[in-house]
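Asks: Below you will find the structure I want to go over with you.
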Amino acid sequence: MDKTYQPHEIEKSWYQTWEDKGYFAPQGGDDSFCIMIPPPNVTGSLHMGHGFNNAVMDCMVRYNRMKGKNTLWQPGTDHAGIATQMVVERQLAAQGQDRKALGREKFLEKVWEWKDHSGGTITQQIRRLGSSVDWSRERFTMDDGLSNAVQEVFVRLYKEDLIYRGKRLVNWDPKLHTAISDLEVENKDKKGHMWHFRYPLADGVTTSTGANYIVVATTRPETMLGDTGVAVNPEDPRYKDLIGKEIELPLVGRRIPIVADEHADMEKGTGCVKITPAHDFNDYEVGKRNNLPMINVLTYNAEIRAEAEVFDSKGEASDAYSRELPQEFAGMDRFEARKAIVAKLDELGLLDEVKDHDLTVPYGDRGGVVIEPMLTDQWYVRVESLAKPAIEAVEKGDIEFVPKSYENMYFSWMRDLQDWCISRQLWWGHRIPAWYDEQGNAYVGRSEAEVRKDNNLGDDIKLSQDEDVLDTWFSSALWTFSTLGWPEETPELKTFHPTDVLVTGFDIIFFWVARMIMMTLKFTGEVPFKTVYVHGLVRDQEGQKMSKSKGNVLDPLDIIDGIELESLVEKRTSGMMQPQMAAKIEKQTRKHFPDGIAAYGTDALRFTFLSLASTGRDIKFDMSRLEGYRNFCNKLWNATRYVLMNVEQEEGIALTAQQIDDLNNGDVELSLADRWIISRLQLAEKTVVDALDGYRFDHAAQAIYEFVWNEYCDWYLELSKPVLWDDNASDAQKRGTRRTLVNVLEAILRMSHPMMPYITEEIWQTIGPIAGKSGDTIMLAQYPQADETKIDAQADTDIEWLKGVITGIRNIRADMGIGPGKPVKCFFKDGNADDQRRLEANQTFLKNLAKLEEITWLNQGDKAPLASTALVGEMEVLIPMAGNIDVDAEVNRLSKAIEKNQKELDRVSGKLNNPKFVDKAPADVIEKEKAKLADFESTHAKLAEQLEAIKAL
Numbered sequence: 001m002d003k004t005y006q007p008h009e010i011e012k013s014w015y016q017t018w019e020d021k022g023y024f025a026p027q028g029g030d031d032s033f034c035i036m037i038p039p040p041n042v043t044g045s046l047h048m049g050h051g052f053n054n055a056v057m058d059c060m061v062r063y064n065r066m067k068g069k070n071t072l073w074q075p076g077t078d079h080a081g082i083a084t085q086m087v088v089e090r091q092l093a094a095q096g097q098d099r100k101a102l103g104r105e106k107f108l109e110k111v112w113e114w115k116d117h118s119g120g121t122i123t124q125q126i127r128r129l130g131s132s133v134d135w136s137r138e139r140f141t142m143d144d145g146l147s148n149a150v151q152e153v154f155v156r157l158y159k160e161d162l163i164y165r166g167k168r169l170v171n172w173d174p175k176l177h178t179a180i181s182d183l184e185v186e187n188k189d190k191k192g193h194m195w196h197f198r199y200p201l202a203d204g205v206t207t208s209t210g211a212n213y214i215v216v217a218t219t220r221p222e223t224m225l226g227d228t229g230v231a232v233n234p235e236d237p238r239y240k241d242l243i244g245k246e247i248e249l250p251l252v253g254r255r256i257p258i259v260a261d262e263h264a265d266m267e268k269g270t271g272c273v274k275i276t277p278a279h280d281f282n283d284y285e286v287g288k289r290n291n292l293p294m295i296n297v298l299t300y301n302a303e304i305r306a307e308a309e310v311f312d313s314k315g316e317a318s319d320a321y322s323r324e325l326p327q328e329f330a331g332m333d334r335f336e337a338r339k340a341i342v343a344k345l346d347e348l349g350l351l352d353e354v355k356d357h358d359l360t361v362p363y364g365d366r367g368g369v370v371i372e373p374m375l376t377d378q379w380y381v382r383v384e385s386l387a388k389p390a391i392e393a394v395e396k397g398d399i400e401f402v403p404k405s406y407e408n409m410y411f412s413w414m415r416d417l418q419d420w421c422i423s424r425q426l427w428w429g430h431r432i433p434a435w436y437d438e439q440g441n442a443y444v445g446r447s448e449a450e451v452r453k454d455n456n457l458g459d460d461i462k463l464s465q466d467e468d469v470l471d472t473w474f475s476s477a478l479w480t481f482s483t484l485g486w487p488e489e490t491p492e493l494k495t496f497h498p499t500d501v502l503v504t505g506f507d508i509i510f511f512w513v514a515r516m517i518m519m520t521l522k523f524t525g526e527v528p529f530k531t532v533y534v535h536g537l538v539r540d541q542e543g544q545k546m547s548k549s550k551g552n553v554l555d556p557l558d559i560i561d562g563i564e565l566e567s568l569v570e571k572r573t574s575g576m577m578q579p580q581m582a583a584k585i586e587k588q589t590r591k592h593f594p595d596g597i598a599a600y601g602t603d604a605l606r607f608t609f610l611s612l613a614s615t616g617r618d619i620k621f622d623m624s625r626l627e628g629y630r631n632f633c634n635k636l637w638n639a640t641r642y643v644l645m646n647v648e649q650e651e652g653i654a655l656t657a658q659q660i661d662d663l664n665n666g667d668v669e670l671s672l673a674d675r676w677i678i679s680r681l682q683l684a685e686k687t688v689v690d691a692l693d694g695y696r697f698d699h700a701a702q703a704i705y706e707f708v709w710n711e712y713c714d715w716y717l718e719l720s721k722p723v724l725w726d727d728n729a730s731d732a733q734k735r736g737t738r739r740t741l742v743n744v745l746e747a748i749l750r751m752s753h754p755m756m757p758y759i760t761e762e763i764w765q766t767i768g769p770i771a772g773k774s775g776d777t778i779m780l781a782q783y784p785q786a787d788e789t790k791i792d793a794q795a796d797t798d799i800e801w802l803k804g805v806i807t808g809i810r811n812i813r814a815d816m817g818i819g820p821g822k823p824v825k826c827f828f829k830d831g832n833a834d835d836q837r838r839l840e841a842n843q844t845f846l847k848n849l850a851k852l853e854e855i856t857w858l859n860q861g862d863k864a865p866l867a868s869t870a871l872v873g874e875m876e877v878l879i880p881m882a883g884n885i886d887v888d889a890e891v892n893r894l895s896k897a898i899e900k901n902q903k904e905l906d907r908v909s910g911k912l913n914n915p916k917f918v919d920k921a922p923a924d925v926i927e928k929e930k931a932k933l934a935d936f937e938s939t940h941a942k943l944a945e946q947l948e949a950i951k952a953l
């Protein structure tokens with residue numbers, strides 16, 4: 001082994017070896033374990049969220065694989081409709097080409113070309129995380145098999161009347177010209193205004209105050225052209241008499257009713273709310289409740305229409321209202337129209353007031369423009385009948401959320417579901433399998449030929465396929481069963497479905513998790529997974545969400561492979577990284593990485609993530625913890641080198657087969673330290689297994705860290721030296737310690753492998769054979785299980801005593817300024833029979849590790865020397881001061897301590913001698929002061945006694 005741990009050297013070859021040899025593929029057996037990777041967007045690149053959830057998933061997968069389960073981690077990517085189409089459109093624009101000029105077929109050819117050449121970035125980056133997914137089974141949501149599954153689901157749902165086409169309000173992106181999901185909407189806090197307008201009452205009606213108008217407030221004046229009502233709270237005394245009356249809509253002249261609806265808040269604004277059902281989601285619901293028409297005044301570009309679209313409350317075209325709109329605003333952009341409409345109302349004397357107002361404005365995360373609620377024709381899934389069994393599956397415990405509290409979030413969403421809009425106005429995606437005749441009648445089928453056959457449509461009837469595609473969440477909702485070959489009854493589907501665990505963020509419980517549960521139950525009769533492990537977001541060390549605008553984004557590949565200082569400066573100056581963060585990384589780089597490249601490696605990053613993975617909580621990623629866990633990897637590396645130096649014939653010369661056989665099968669005599677570390681290993685193994693089984697990766701990581709660093713490396717390796725370096729120790733004793741060194745280390749490697757795959761594989765290739773383990777890879781070795789017969793309570797107690805004595809002596813040395821290599825005398829006082837037994841049995845350990853030249857047991861009545869002491873239980877450990885301290889310095893220290901103590905003694909004594917204090921203070925306060933005085937007097941006596949004794953030396 002190299003003298004120093006270099007993660008980039010050992011990581012770059014191992015992954016390819018694992019993949020080439022097929023270790024990631026299921027290994028057979030009846031007991032299966034399966035996880036589906038949440039499919040990353042094909043356009044995506046690795047971020048810290050991927051790093052975290054892949055660390056969690058791979059830990060589970062490697063753990064279960066080592067437990068002998070037939071394990072599948074199914075990989076794949078999502079076609080990412082909007083994102084991919086935007087990428088290719090930008091490339092075409094750079095070449096002077098346009099999507100529409102190319103036409104649909106040619107454009108899709110360009111998309112597939114891009115996918116084949118550039119769409120694999122994210123999967124290559126996932127490999128750098130050490131993720132042991134079965135790449136031989138990689139799927140893509142647009143591949144033939146998954147496309148067939150998507151089409152089959154759509155057709156079956158349509159035939160059961162669970163899919164329909166209707167006109168409803170959606171999030172509309174005026175730049176991309178498509179509906180988008182709520183998850184693709186980014187709400188931003190903005191400073192804006194609230195305009196108060198006077199709406200004239202019709203037919204000479206007046207308010208209770210005599211006004212011939214009511215005042216409504218809005219943040220979007222441009223939508224007032226589409227108002228179809230004004231709502232007031234039915235309990236509002238100011239407006240009760242106006243319910244059922246009408247107002248005359250300014251600028252348009254349309255008469256609209258005043259309706260009673262609890263949406264109007266009596267305490268908010270004027271209490272009168274303009275209702276524009278075609279341009280606001282809340283108004284849409286109010287409109288349906290009050291049977292108000294819907295008037296669309298905006299084009300798909302979010303410009304004012306020359307003529308409105310009018311629909312009834314059910315979305316059917318209606319002639320009940322005029323389509324006329326003021327032509328002076330026609331063609332104006334919505335924000336330009338806003339200014340013009342406000343100015344016109346002000347001119348007419350209808351602008352009552354304008355107030356500053358804090359707004360939450362929805363933006364499309366891809367298009368980057370303000371989203372407009374828009375009435376459009378879309379395809380929908382009726383979810384009510386699908387939701388019921390999905391709710392029951394969680395209620396009955398067929399699916400469990402970890403942590404359980406997220407079940408409440410799930411139930412809250414599922415019990416208040418709206419029908420799911422599944423169509424998108426894009427070219428890239430699964431095209432809706434629906435065809436229309438020239439009269440607009442829709443026919444759904446798996447192909448045009450099937451549509452014609454099933455509906456007796458001759459070749460003379462012209463059909464055109466729907467231009468829209470399906471929302472990517474529709475195809476990903478089928479992920480657990482479509483990737484395994486459904487609708488065919490494949491062996492994989494039978495073996496691995498339902499899957500075991502889904503690892504996901506809380507933000508897509510509704511968008512993905514709930515929809516998978518609904519669809520999978522509907523089409524397979526099974527739950528998609530038995531457990532949903534919900535994790536939080538990865539935030540920076542201050543708890544802030546990572547974003548490019550904040551400059552606090554960390555790139556996991558920079559952490560793994562290293563970032564050159566020049567690149568660090570570039571990221572800082574470009575605003576991609578906060579100066580403070582960049583400065584911290586630069587400082588650590590210069591300190592620990594002489595070549596100027598801070599490469600922490602995959603294992604340190606994964607272990608950091610897992611150590612922070614407390615269920616459901618957001619992750620505060622701290623670079624100092626990352627540095628600490630790289631040191632942990634280095635500690636394990638150096639411990640291995642120590643073991644090899646004490647096991648191999650010579651450094652770098654491996655043991656022969658005969659020597660390995662002798663090590664593993666020869667007679668042994670285990671020392672107390674050997675029995676102790678074997679016992680502690682069993683407890684660590686049990687703790688880790690229990691933690692992993694309970695999804696407490698943080699607890700598992702902590703148990704591994706404490707056992708490896710504190711017990712094996714810091715104590716056991718030191719305790720092994722007196723045996724290995726003792727010329728008087730027998731072969732059986734030395735063999736016992738060597739075997740224990742190797743076997744415990746080998747178990748540590750297997751126990752740690754799911755969290756730190758690279759370093760454990762690298763070391764195991766050397767240590768495994770020495771420990772008598774067969775097999776080509778640690779990945780397929782058995783995960784360690786605790787053997788309770790090896791738990792040795794007596795050894796645990798005795799070693800704790802030994803550690804206490806050694807630690808006490810080392811602390812005394814530090815306090816007295818005695819060098820660690822200087823031999824000292826040691827006395828033991830007030831010990832019991834167990835203490836004496838332990839002392840007799842462990843004199844070799846104590847003399848070697850505490851550097852003692854002489855040990856004396858003091859019986860009752862024996863005079864102890866003037867000494868510094870440490871307590872181990874009731875027993876005192878004494879190191880004589882004579883010959884070990886600087887008398888003048890100690891006299892000076894004690895004199896200062898006496899002086900400081902005397903000041904406190906005088907202060908408390910003065911209080912208690914003051915009649916004003918004693919007469920007024922409560923009894924308990926006086927008692928506390930008396931107790932303080934007694935302590936100071938006792939301390940004074942002890943210090944004075946020590947000072948006199950020191951002066952006598």
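Under UniProt numbering, the sequence shown has 103 at position 103, and the numbering climbs by one with no breaks.
C-beta: ideal position from N, C-alpha, C; glycine also.
1. Could you pull out every residue in the same chain whose Cβ sits closer than 7 angstroms to the Cβ of S730, ignoring the five residues on either side in sequence?
2. Quick one: what's P373 bridged to in DSSP?
3. To the nearest angstrom, how far is it from the Cα of S447 to the Cα of N148?
4. For E788, which residues of its own chain have a beta-carbon under 7 angstroms away from its beta-carbon, when the five flanking residues on both sides are left out?
5. State whether the segment 610-622 contacts the segment 399-417, with contact taken as three or more CB pairs (one from each stretch) at a distance under 8 angstroms.
6. Indicate whether D227 and I256 have their beta-carbon atoms separated by less than 7 angstroms.
7. Tell me which same chain residues have a C-beta within less than 6 angstroms of the C-beta of Y321, skipping the five on either side of it?
8. Quick one, which of T223, M409, D236 has its alpha-carbon nearest M332's?
9. Output the residue ranges of the alpha helix (DSSP H) runs that lie fully inside the segment 784-871 and measure 4 residues or longer, sorted by chain position.
10. In chain order, what residues of the same chain have a beta carbon less than 6 angstroms from the beta carbon of W857, not counting five sequence neighbours either side?
11. Note down, one range per segment and in chain order, each alpha helix (DSSP H) of at least 4 residues found wholly within the segment 620-670.
12. Pick out whichever of N290, V61, H79 has its Cα sitting closest to the Cα of K314.
13. Comparing C-alpha positions only, which one of V723, L866, W801 sits nearest to R838?
14. Is the CB-CB distance between V61 and S132 below 7 angstroms?
15. If we require 4 or more residues per run, which alpha helix (DSSP H) segments fall completely within the segment 706-756?
16. Output yes or no for whether 7 angstroms exceeds the beta carbon distance between S679 and D798.
17. Could you spell out the range, first to last residue, of the beta strand (DSSP E) harbouring D919?
18. Rounded to the nearest angstrom, what separates F335 and I247 at their Cα positions?
19. From the DSSP output, which residues share a beta bridge with N70?
20. Buried or exposed for D561, going by 16 or more other Cβ atoms inside 10 Å?
21. Specify whether the segment 205-217 and the segment 161-176 touch according to this definition: at least 3 beta carbon pairs, one from each stretch, less than 8 angstroms apart.
22. Return the CA-CA distance between L947 and K930, expressed in angstroms with no decimal places.
23. Assuming I806 contacts L749 under a Cβ cut-off of 8 angstroms, what Cβ separation, rounded to an integer in Å, is found between them?
24. With 16 as the cutoff for other CB atoms within 10 Å, does A231 come out buried or exposed?
25. What is the DSSP secondary structure of K545, reduced to helix, strand or coil?
26. Answer with buried or exposed for K274, where buried requires no fewer than 16 other C-beta atoms within 10 angstroms of its C-beta.
27. Whose CA, out of G883, N41, V925, lies closest to the CA of M816?
28. Could you give the uninterrupted runs of the beta strand (DSSP E) lying entirely in the UniProt domain "Valyl-tRNA synthetase tRNA-binding arm" (886-951), keeping only those of 3 residues or more?
29. In three-state DSSP terms, what is E262?
30. Quick one: grab the DSSP three-state call for residue 961.
31. Return yes when the Cβ of E761 is within less than 7 angstroms of the Cβ of W14, no when it is not.
32. Return the residue from the list I304, Y239, L157, V185 that minimises the CA-CA distance to L225.
33. State the Cα-Cα distance for the pair T495 and V647, rounded to the nearest angstrom.
34. If you follow the alpha helix (DSSP H) that A80 is part of, which residue opens it and which one closes it?
Replies: Taking the structure as given:
1. E669
2. N171
3. 11 angstroms
4. Q682
5. yes
6. yes
7. P293, V310
8. T223
9. 793-816, 833-841, 843-849
10. F828
11. 623-645, 657-665
12. N290
13. W801
14. yes
15. 717-724, 731-752
16. no
17. D919 -> not in any beta strand (DSSP E); alpha helix (DSSP H) instead, spanning 915-920.
18. 26 angstroms
19. S32
20. buried
21. no
22. 26 angstroms
23. Between L749 and I806 the Cβ distance is about 28 angstroms, and since that is not below 8 angstroms, they are no contact.
24. buried
25. strand
26. buried
27. G883
28. none
29. coil
30. The structure shown has nothing for residue 961, since the chain only spans 1 to 953.
31. yes
32. I304
33. 45 angstroms
34. Unbroken run through A80: none, as it is neither H nor E.
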